[in-house]
Amino acid sequence: MPDAFPQLLNMFLWPADDAEAVEIVKGPNIQPIPLGAPLPERLEFPVELKLGDSVTTDHILPGGAEMLSQRSNIPASIPYLFERVDPDFAAQVDSLPRNWAVVAGENYGQGSSREHAVMAPMSIGMKVVIAKSFARIYRRNMINNGVVPLIFQNAADYEFIRKGDLLFIDRLVEQIQKDRVVVENRSRGNTFETILDLTPRERGLLLKGGLLGSLRAAP
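So the sequence shown is numbered by our numbering: it starts at 965 and just counts up by one.
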């Protein structure tokens, strides 16, 4: 055995004293990850898309070579959003409200587990998806990005919602604590009930706007 084990500390790059002053050098096609916002007490939002059953992540955001070249640049991926289910969607992106929703049928978000299929629409205001059921991984990605995954308590209520309807949720934070959320359809003059069924951890993430928002809020 040697008499000593010298420490070659000059080979380490130590953290800067002022971490906020450190500039991360990125390539020209690498943009910051969009962050979800903490949930408000009240939320009003129109239905911008009404979709059917088995909508895949490739329907939401195509996964071909042209699109995948933009995977580090969420803003550049926006023109591809929902093009396979609504070719006119990209043309209305600039006129979307601050918060909006998707209404869908069974197994929404099945297929490839790419979180881009949540991050991209979230970055332009998608705050809620109301569906008959969700693919497991897509639901998890929604929660991690601060998007509320509501399930119709009565699947028949899906039939009474139209694209363009204005929906409203009062006491959102309080209702999320109970895993039951009543949604008012202000365009139709009725209400319907939805289910969340969150774990305590999922509930905490959702309230803070997602996983990154939760980490930022940590002491």
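Positions of the beta carbon are idealized from the N, C-alpha and C atoms, including for glycine.
query, result
"Return the residue from the list E1012, I1101, L1175 and D1129 that minimises the CA-CA distance to T1021.", "I1101"
"Counting only runs that start and end within the segment 1054 to 1088, where is the beta strand (DSSP E) found for 3 or more residues in a row?", "1064 to 1068"
"Measure how close the beta-carbons of K1127 and L1013 come, nearest whole angstrom, since I'm counting them as under 8 Å.", "7 Å"
"Cα-Cα, which of N1109, N1071 and L1130 is closest to I1115?", "N1071"
"On a Cα-Cα basis, can you pick out the residue from Q1034, E1148, D981 and V1112 that is closest to I994?", "Q1034"
"Given this structure, state the Cα-to-Cα distance separating I1159 from I1094, to the nearest angstrom.", "10 Å"
"Pull up the CB-CB distance for P1164 and M1086, whole angstroms please, since I reckon it's below 8 Å.", "Actually they do not touch by this definition, with Cβ atoms about 23 Å apart."
"Identify which residue in F1098, L973 and A1182 has its Cα closest to the Cα of G1016.", "F1098"
"Using the beta-carbon count (16 or more within 10 Å), is Q971 buried or exposed?", "exposed"
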